[in-house]
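With our numbering, the residue at position 17 of the sequence shown is 299, and numbering never jumps.
Every residue, glycine too, gets a C-beta built ideally from N, C-alpha and C.
Owing to the predicted nature of the structure, the values given are computational and were not obtained by experimental measurement.
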Amino acid sequence: MDKKKILAGIRLLDDPDENIYKAVKKSLTESGRDVIPLLEKTWEDSFNEKLQKRIEEIIKQINSVSIKNDLEAWLVSGSNDLIKGAWIIARTNYPDLDLEVIENKIRKIRSDAWLEFNENLTGLEKTRVLNHVFFKIHSFTPNTNNYYAPQNSMINLAVETGKCNPVMLGILYMTVAQSLDMPIYSINLPRNFILAYLDPVSSALAFGDEQDNHILFYINPFNRGSVFGRREIEQFLAHNKTESRPEFYTPGSSAEVLLRLCESLNESYEKSGYADKSEEISELIAIIKDHLDLFATDL
């Protein structure tokens, strides 16, 4: 970054010529997040409302471009790191959010669960241990009192308060489980977000040819990790008058999970009347949808 050039551009931000402003804005935006501290310092030192407003617009644009670029890079890489994916989305509200703080919290939960594990535990027993650590010791819980609050989709607030929506609960639970080598994956069930424990051998012994997948049981994070079977999904779909589809029973991709998180956040903004934030998230939804075919789901 050429600091002298950047500062020269910033000094032109209050120029009355709109074309000059547009050219400077474009140049600063393309310079990326490194210029934000200089812009913020100029804002603090100025009493010019027009200049301050223009600086705010540029910082907002820089953050938006940064988020979109990072999201696209995450998608193109085929990443399964949902913590990083959720962190990218949370930066729409918290541009300077520290990913490491969130990852440290995840590592702490993982460590607490690992201390309770032993090699003789079955998959169901490990799930019960994780439920105890996740829901009781670390106090994660669905925010039923304020279900559609946008903060329920923000990973930083979820790890800080323990309150979030079904998708965020699932992301956190699944991430901790997989870090413990538990084969737990997401199921994109309508009106709910559940997980599945994959175990081909035990599933074959338990169900024979009754099921066409490797799922031993399902987990509902929104109900404190309760365990259930395929029949309960069938009953749930029937109750909600929803046509049964194979993808409602089998694992989906990390991109589909992040899409679901964004859709939940977008719904929250719409119900709360935040049209500008809804538009911002809608743009991220479009980016994710354009990359869904890059993700394999053949688990």
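The region 287-300 makes contact with the region 312-326: 3 or more CB pairs, one atom from each, lie closer than 8 Å. Separation of residue 484 and residue 514 (C-alpha to C-alpha, rounded to the nearest whole angstrom) is 19 Å. Residue pairing by DSSP places residue 502 opposite 508 in a beta bridge. Its chain contains 411, 414 and 415 as the residues whose beta carbon lies nearer than 8 Å to that of residue 398, once the 5 sequence neighbours on both sides are disregarded; these appear in chain order. In the DSSP annotation of this structure, the continuous segment of the alpha helix (DSSP H) that includes residue 437 starts and ends at 437-443. Bounds of the beta strand (DSSP E) holding residue 468 are 466-469. The C-alpha of residue 298 is placed about 51 Å away from the C-alpha of residue 452. Here the alpha carbon of residue 430 sits roughly 15 Å from the alpha carbon of residue 437. Check the Cα spacing between residue 422 and each of 541, 458 and 566: the tightest is with 458. When Cβ pairs closer than 8 Å are counted between the two stretches, the region 534-549 is seen to touch the region 351-365, the count reaching three or more. Residue pairing by DSSP puts residue 424 in a beta bridge opposite 446.
As computed with DSSP, residue 479 is found in a beta bridge with 466 and 499. If the five residues before and after residue 426 are omitted, its C-beta is found closer than 8 Å to no C-beta atom of its own chain. In the three-state reduction of the DSSP assignment, residue 319 falls in the helix class. It is roughly 21 Å from the alpha-carbon of residue 401 to the alpha-carbon of residue 487. Secondary structure of residue 376 (DSSP, three-state): coil. Taken through DSSP and simplified to helix, strand or coil, residue 414 comes out as helix. Burial check for residue 562: the Cβ neighbour count within 10 Å reaches 16 or more, so the residue is buried.
The three-state secondary structure of residue 406, taken from DSSP, is helix. Within the same chain, Cβ atoms closer than 6 Å to the Cβ of residue 424 are found at 504, the five residues on either side in sequence being excluded. The three-state reading of DSSP puts residue 429 in coil, since its state is none of H, G, I, E or B. Taking the CA atoms as reference points, residue 498 sits about 12 Å from residue 409.
DSSP places residue 335 inside the alpha helix (DSSP H), whose first and last residues are 331-358. Note on geometry: alpha-carbon atoms of residue 371 and residue 544 lie some 8 Å from one another. Fewer than three pairs of CB atoms, one per stretch, sit closer than 8 Å, so the region 512-531 makes no contact with the region 333-349.
Under the DSSP assignment, residue 386 falls in the alpha helix (DSSP H) whose first and last residues are 381-396.
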